[in-house]
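Going by this note's numbering, the first residue of the sequence shown is number 3, and it counts up by one from there. Notes follow the structure.
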Amino acid sequence: MGGGSLSIIMNIFFKKTIDKKVTQDSSGFTLLEILLVMFVVAFTFTGIYVILAKTAQHEKDNRYALIAANLAQEGVEIIRNRRDENLLNVINMNVDLSSGICYPYWSGSQANCDNSREVEVEIDGGGVYRNCNGGCGTGVTIFERYCDINSGAVDMTVRCTVEWQSPSLGTARSIETESFLTNWQENT
Numbered sequence: 003m004g005g006g007s008l009s010i011i012m013n014i015f016f017k018k019t020i021d022k023k024v025t026q027d028s029s030g031f032t033l034l035e036i037l038l039v040m041f042v043v044a045f046t047f048t049g050i051y052v053i054l055a056k057t058a059q060h061e062k063d064n065r066y067a068l069i070a071a072n073l074a075q076e077g078v079e080i081i082r083n084r085r086d087e088n089l090l091n092v093i094n095m096n097v098d099l100s101s102g103i104c105y106p107y108w109s110g111s112q113a114n115c116d117n118s119r120e121v122e123v124e125i126d127g128g129g130v131y132r133n134c135n136g137g138c139g140t141g142v143t144i145f146e147r148y149c150d151i152n153s154g155a156v157d158m159t160v161r162c163t164v165e166w167q168s169p170s171l172g173t174a175r176s177i178e179t180e181s182f183l184t185n186w187q188e189n190t
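Listed below in structure tokens is the structure:
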């Protein structure tokens, strides 16, 4: 056997090997492999969707909690403003705060207060959250605000609570804020 025969044998051997590889590689994916990949992709996207849905629920609930905290603080500020108005007019700081037709909600003056105030909070035509005045209109919200005042001669404790039913969690929630107010004219 000469060098030519060896090269012929090598060519035949490698040609068969190359033909086998081309045949095996070009056969494509099996049905089982395709189903396995589809399952992995579906499982991954389902997990991502669940995470995004939970995040959206928590974001919505956190937004409601922030609105409720601001409404509770606003209740305290309404009472603080009424106390300051009383003191500036040189009258007892408790006028219309511990009793009267305005208790526990005010809108700035005695003439604007009535017994029909509601605990429900609505959004008025100007986009402002406020307690309903004489019945809630079309802008009623999920929030209710209560303010309690424990008042003495020179100080008062104001506690405002906002309650709501969380749509995303399906549970009752509440936020409370408390402030200690004094007769600042007594100290001057």
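Note that CB positions come from ideal geometry on N, CA and C, so glycine has one too.
- Asp157 has its alpha-carbon roughly 6 Å from the corresponding atom of Asn185.
- Going by DSSP, Asn152 is part of the beta strand (DSSP E) stretching over 142-153.
- The criterion of a C-beta distance shorter than 8 Å is satisfied by Asp63 and Leu171.
- In this structure, the alpha-carbon of Asn72 lies about 35 Å from that of Gly49.
- Linking Val121 to Arg147 through their CA atoms gives a straight-line distance of about 5 Å.
- A direct Cα-to-Cα measurement between Asn96 and Asn133 gives close to 21 Å.
- Out of Ser168, Val164, Glu61, the CA that lies nearest to the CA of Gln75 is found in Val164.
- For Arg175 and Gln167, the gap between their C-alpha atoms comes out near 6 Å.
- For Asn152, the CB contacts under 7 Å within the same chain, skipping 5 residues up- and downstream, are Met158, Thr159 in chain order.
- Within the model, the alpha-carbon separation for Gln187 versus Arg82 is close to 14 Å.
- By the C-beta density criterion, Glu35 is exposed, having fewer than 16 other C-beta atoms within 10 angstroms.
- A distance below 6 Å between beta-carbons, with the five flanking residues on each side excluded, links Asn88 to the following residues of its chain, in chain order: Met95, Val97.
- Bounds of any beta strand (DSSP E) do not take in Asp126, whose DSSP letter is neither H nor E.
- Contact between Cys149 and Cys162 holds, with the beta-carbon distance rounding to 4 Å and staying under 8 Å.
- In this structure, Thr140 lies away from Tyr131, with their beta-carbon atoms at least 8 Å apart.
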